[in-house]
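Enquirer:
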Amino acid sequence: MSGQVVRVALSERSYDIHIGAGNLASIGTLVQAQLKPVHAVLIADARLAATHAATCEASLAATGMRVTTLLVPSGEKSKSVEQSARLWNEMLAAKTDRRSVVVAVGGGVIGDLAGFVAATFGRGLPFVQVPTTLLAQVDSSVGGKVGINLPAAKNMVGAFWQPRLVLIDTAVLHTLPEREYLSGLAEVVKYGVILDAPFFAALEQSAAALLARDTVALTAAIKRSCELKADVVRQDEREETGLRAVLNYGHTFAHAIETVAGYEALLHGEAVSIGMVQAARLATLLGRIDEAFCVRQKRLLDALQLPTVSPPLAADDLVAAMQRDKKVERGLLRFVLPTKLGHVELVGGVEEALVRQTLAANC
Ligand SMILES: NC(=O)c1ccc[n+]([C@@H]2O[C@H](COP(=O)([O-])OP(=O)(O)OC[C@H]3O[C@@H](n4cnc5c(N)ncnc54)[C@H](O)[C@@H]3O)[C@@H](O)[C@H]2O)c1
Ligand SMILES: O=C(O)C(=O)C[C@@H](O)[C@H](O)[C@H](O)COP(=O)(O)O
Ligand SMILES: [Zn+2]
Numbered sequence: 001m002s003g004q005v006v007r008v009a010l011s012e013r014s015y016d017i018h019i020g021a022g023n024l025a026s027i028g029t030l031v032q033a034q035l036k037p038v039h040a041v042l043i044a045d046a047r048l049a050a051t052h053a054a055t056c057e058a059s060l061a062a063t064g065m066r067v068t069t070l071l072v073p074s075g076e077k078s079k080s081v082e083q084s085a086r087l088w089n090e091m092l093a094a095k096t097d098r099r100s101v102v103v104a105v106g107g108g109v110i111g112d113l114a115g116f117v118a119a120t121f122g123r124g125l126p127f128v129q130v131p132t133t134l135l136a137q138v139d140s141s142v143g144g145k146v147g148i149n150l151p152a153a154k155n156m157v158g159a160f161w162q163p164r165l166v167l168i169d170t171a172v173l174h175t176l177p178e179r180e181y182l183s184g185l186a187e188v189v190k191y192g193v194i195l196d197a198p199f200f201a202a203l204e205q206s207a208a209a210l211l212a213r214d215t216v217a218l219t220a221a222i223k224r225s226c227e228l229k230a231d232v233v234r235q236d237e238r239e240e241t242g243l244r245a246v247l248n249y250g251h252t253f254a255h256a257i258e259t260v261a262g263y264e265a266l267l268h269g270e271a272v273s274i275g276m277v278q279a280a281r282l283a284t285l286l287g288r289i290d291e292a293f294c295v296r297q298k299r300l301l302d303a304l305q306l307p308t309v310s311p312p313l314a315a316d317d318l319v320a321a322m323q324r325d326k327k328v329e330r331g332l333l334r335f336v337l338p339t340k341l342g343h344v345e346l347v348g349g350v351e352e353a354l355v356r357q358t359l360a361a362n363c
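Okay, so the sequence shown: first residue is 1 according to the UniProt record's numbering, each after it adds one.
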């Protein structure tokens with residue numbers, strides 16, 4: 001198969017991310033060669049039933065394995081206990097067992113949900129990610145964080161369950177709606193800010209090409225994002241040393257906004273864009289970074305047509321949501337904050353008054 005491969009090197013169960021254009025139809029041969037399952041449970045976004053999910057289904061079936069396709073309604077609300085229970089029951093009815101593999105086809109919602117179901121059904125089934133949004137290709141399909149939301153807390157129930165392989169077909173991005181595409185660019189910008197200043201500068205140069213979905217610029221951005229994430233996950237797979245927390249830059253604010261807004265008003269990447277602006281502002285209030293950094297970060301987010309101002313939400317509700325963030329330690333908030341372009345730190349003991357001041361400055 002042509003294309004590029006990024007390796008996620010782990011002590012157990014390392015895996016490859018295959019990146020190419022038009023490689024979706026090779027999913028069957030890849031899965032068969034690597035996992036030799038007798039049965040595939042294809043969990044797909046219902047909106048992709050007639051397109052990318054159908055391609056994957058045909059490719060898997062062509063290898064001779066039995067295929068059960070389970071469609072999930074599109075949208076963040078599907079990352080739920082109810083959808084998980086429905087999938088577990090349908091998998092049982094379809095005689096899913098340890099020779100089965102779960103294949104997720106869709107964006108981050110499907111990957112997180114299908115991965116969670118794979119991690120829990122029968123105490124764990126092999127799992128394959130076929131991400132079809134930019135956000136899922138650069139972030140959610142890599143690293144094994146799987147899970148669902150509770151109404152009052154985003155991603156609160158889940159597991160670390162690594163996929164056995166990730167297949168990225170950049171051609172599927174041609175059908176992605178504009179707003180969803182831009183949302184994925186926010187996580188790409190995140191990688192530049194937290195880990196790679198030259199990559200951030202390259203994004204500044206290629207903003208117009210990225211907006212035009214230019215294949216060369218896009219493939220480079222996807223590959224670099226996957227490499228950066230793979231390297232963090234390699235060093236701290238289960239977010240135990242604090243290193244992996246860097247990937248959470250902007251997310252304490254973002255998850256609070258998404259939760260308080262009821263999971264539907266904003267896309268995850270949009271909330272991350274706003275959250276990165278707020279995290280940078282908090283860092284300036286703490287004297288950890290200068291205003292020039294904030295201006296530069298916002299300029300790139302603006303160039304990529306991402307939102308940088310939160311919708312009006314009650315500060316009390318946002319702070320209460322932040323108190324339920326998984327990074328909270330002994331009741332104290334912790335934030336990932338920039339120290340310079342390309343470097344962030346996990347900072348504890350941030351006073352609530354400063355967080356409120358940051359929220360009030362929303363502009
Ligand atoms: N596990 C992780 O490490 C991680 C990382 C980042 C984000 N996430 C999670 O990912 C989720 C967001 O994922 P998302 O942005 O991919 O959203 P999503 O899964 O909701 O997909 C966005 C929309 O795009 C549509 N779609 C998907 N692929 C398409 C295609 N190729 N053509 C046309 N339409 C297509 C879907 O039907 C959906 O309506 C959030 O729940 C977030 O918390 C998880
Ligand atoms: O992979 C990670 O680690 C991340 O933090 C990536 C984030 O972009 C992603 O949104 C993740 O789902 C957030 O995880 P959470 O542990 O804060 O719920
Ligand atoms: Zn994210």
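Here a beta-carbon is modelled for each residue, glycine too, at the ideal position from N, C-alpha and C.
Would you kindly work out how many angstroms separate the C-alpha atoms of Gly3 and Glu351, rounded to a whole number?
Expert: As a first step, residue 3 is located in the sequence shown; it is residue number 3 there, counting from the start. As a first step, residue 351 is located in the sequence shown; it is residue number 351 there, counting from the start. Taking the straight line joining both Cα atoms gives about 48 angstroms.
Enquirer: Are the stretch 155-166 and the stretch 97-116 touching, with three or more C-beta to C-beta distances below 8 angstroms?
Expert: Cβ pair count under 8 angstroms is three or more, so yes.
Enquirer: Any heavy atom of ligand 1 closer than 8 angstroms to the Cβ of Gly20?
Expert: Numbered from its first residue, the sequence shown carries residue 20 at position 20. No, the Cβ of Gly20 stays beyond 8 angstroms of every heavy atom of ligand 1.
Enquirer: For the alpha helix (DSSP H) containing Leu318, list its first residue and its last residue.
Expert: Here residue 318 is taken as the residue at index 318 of the sequence shown, counted from 1. Its alpha helix (DSSP H) spans residues Ala315 to Met322.
Enquirer: Consult DSSP for Lys340 and reduce its assignment to one of helix, strand or coil.
Expert: The residue you call residue 340 lines up with position 340 of the sequence shown. Strand at Lys340.
Enquirer: Rounded to the nearest angstrom, how far is the Cβ of Lys298 from that of Val277, given a contact under 8 angstroms?
Expert: By one-based count along the sequence shown, residue 298 stands at place 298. By one-based count along the sequence shown, residue 277 stands at place 277. Right, their Cβ atoms sit about 6 angstroms apart.
Enquirer: Considering Cα atoms alone, identify which of Thr68, Leu35 and Leu24 is closest to residue 395.
Expert: Any answer about residue 395 is impossible in this case: the structure gives the chain only from 1 up to 363.
Enquirer: Can you confirm whether the stretch 250-268 touches the stretch 310-323 when touching is taken to mean that 3 or more C-beta pairs between the two stretches lie within less than 8 angstroms?
Expert: At 8 angstroms Cβ cutoff, the stretches touch.
Enquirer: Smallest Cα separation from Ala40: which of Ala33, Thr175 and Thr68?
Expert: Looking up residue 40 in the sequence shown gives position 40. Taking only the C-alpha atoms, the option nearest Ala40 is Thr68.
Enquirer: Using only the alpha-carbon positions, how far apart do Arg66 and Lys190 sit?
Expert: For the purposes of this step, residue 66 is taken as residue 66 along the sequence shown, with counting starting at 1. For the purposes of this step, residue 190 is taken as residue 190 along the sequence shown, with counting starting at 1. Rounded to the nearest angstrom, the two C-alpha atoms are 40 angstroms apart.
Enquirer: Should Lys154 be flagged as near chain D, meaning a C-beta pair shorter than 9 angstroms?
Expert: The chain labelled as chain D is not found in the depicted structure, where only one protein chain is given.
Enquirer: Looking only at its own chain, which residues have a Cβ that is under 7 angstroms from the Cβ of Leu71, when we skip the five neighbours before and after it?
Expert: If you number the sequence shown from 1, residue 71 lands on position 71. Hits under 7 angstroms: Ala44, Ala46 and Ala49.
Enquirer: Give the C-beta separation of Ser225 and Val130 to the nearest angstrom, bearing in mind that I take them to be a contact with Cβ-Cβ under 8 angstroms.
Expert: Here residue 225 refers to the residue found at position 225 of the sequence shown. Here residue 130 refers to the residue found at position 130 of the sequence shown. Rounded, the Cβ-Cβ distance is 17 angstroms, inconsistent with contact.
Enquirer: Just to confirm, is the Cβ distance from Ile336 to Val328 under 9 angstroms?
Expert: The residue you call residue 336 lines up with position 336 of the sequence shown. The residue you call residue 328 lines up with position 328 of the sequence shown. At residue 336 the sequence reads Val, which differs from the Ile that was named. For Val336 and Val328, no; Cβs fall outside 9 angstroms.
Enquirer: Measure the beta-carbon distance from Leu135 to Gly275 and round it to whole angstroms, keeping in mind my assumption that it falls under 8 angstroms.
Expert: Along the sequence shown, read from residue 1 onward, the residue named residue 135 stands at position 135. Along the sequence shown, read from residue 1 onward, the residue named residue 275 stands at position 275. The pair is not a contact, with the Cβ atoms about 14 angstroms apart (cut-off 8 angstroms).
Enquirer: Can you say whether Ala291 is buried or exposed, counting buried as having 16 or more other CB atoms within 10 angstroms of its CB?
Expert: Your numbering for residue 291 matches position 291 in the sequence shown. It is worth fixing the name first, because residue 291 is Glu in this sequence and not Ala. Per the 10 Å Cβ criterion, exposed.
Enquirer: Report the partner residues of Arg7 according to the DSSP bridge assignment.
Expert: Taking the sequence shown and counting its residues from 1, one reaches residue 7 at position 7. In the DSSP output, where bridge partners are listed per residue, Arg7 has Asp16.
Enquirer: Within the chosen definition, does the stretch 303-310 reach the stretch 168-186 through at least 3 CB pairs nearer than 8 angstroms?
Expert: Taking 8 angstroms as the limit for Cβ pairs, the verdict is that the stretch 168-186 does touch the stretch 303-310.
Enquirer: Under 8 angstroms by Cβ, that's how I've got Ala197 and Leu341 pegged, so tell me the actual separation to the nearest angstrom.
Expert: As a working note, residue 197 is residue 197 in the sequence shown. As a working note, residue 341 is residue 341 in the sequence shown. Contact flag correct, Cβ pair sits at about 4 angstroms.
Enquirer: Apart from the five residues on each side of it in sequence, which residues of its chain come closer than 7 angstroms, Cβ to Cβ, to Ala265?
Expert: Looking up residue 265 in the sequence shown gives position 265. Closer than 7 angstroms at Cβ, skipping near neighbours: Pro311.
Enquirer: Which of the three DSSP states, helix, strand or coil, is assigned to Leu176?
Expert: If you number the sequence shown from 1, residue 176 lands on position 176. Coil, per DSSP.
Enquirer: Looking only at its chain, what residues have a beta carbon closer than 7 angstroms to the beta carbon of Asn362, apart from the 5 residues adjacent to it on each side?
Expert: Here residue 362 refers to the residue found at position 362 when the sequence shown is read from its first residue. Here the set comprises Val309 and Ser310.
Enquirer: On the DSSP bridge list, what partners appear for Ser100?
Expert: Here residue 100 corresponds to residue number 100 of the sequence shown, with the count starting at 1. Note: Ser100 sits in a beta bridge opposite His39.
Enquirer: Run through DSSP, which three-state label would Phe305 get?
Expert: By 1-based counting over the sequence shown, the position of residue 305 is 305. For clarity, residue 305 is Gln in the given sequence; the question names Phe instead. Gln305: coil per DSSP, three-state reduction.
Enquirer: Express the C-alpha separation of Gly111 and Gln34 in angstroms, rounding to a whole number.
Expert: As a working mapping, residue 34 is identified with position 34 in the sequence shown. As a working mapping, residue 111 is identified with position 111 in the sequence shown. For Gln34 and Gly111, the distance between alpha carbons rounds to 20 angstroms.
Enquirer: Given Ala62, which residues of its chain have a CB within under 7 angstroms of its CB, disregarding the five upstream and five downstream residues?
Expert: On the sequence shown, residue 62 is found 62 positions in, with the first residue counted as 1. Taken in chain order, the residues that qualify are Gly28.
Enquirer: Round the Cβ separation of Thr279 and Gly250 to the nearest angstrom and send it over; I've been treating them as touching at under 8 angstroms.
Expert: For the purposes of this step, residue 279 is taken as the residue at position 279 of the sequence shown. For the purposes of this step, residue 250 is taken as the residue at position 250 of the sequence shown. According to the sequence displayed, residue 279 carries Ala and not Thr. Going by Cβ atoms, the distance from Ala279 to Gly250 rounds to 5 angstroms, so yes, they are a contact pair.
Enquirer: Going by DSSP, what residue range makes up the beta strand (DSSP E) through Phe127?
Expert: One-based indexing of the sequence shown puts residue 127 at position 127. Unbroken beta strand (DSSP E) run through Phe127: Phe127 to Pro131.
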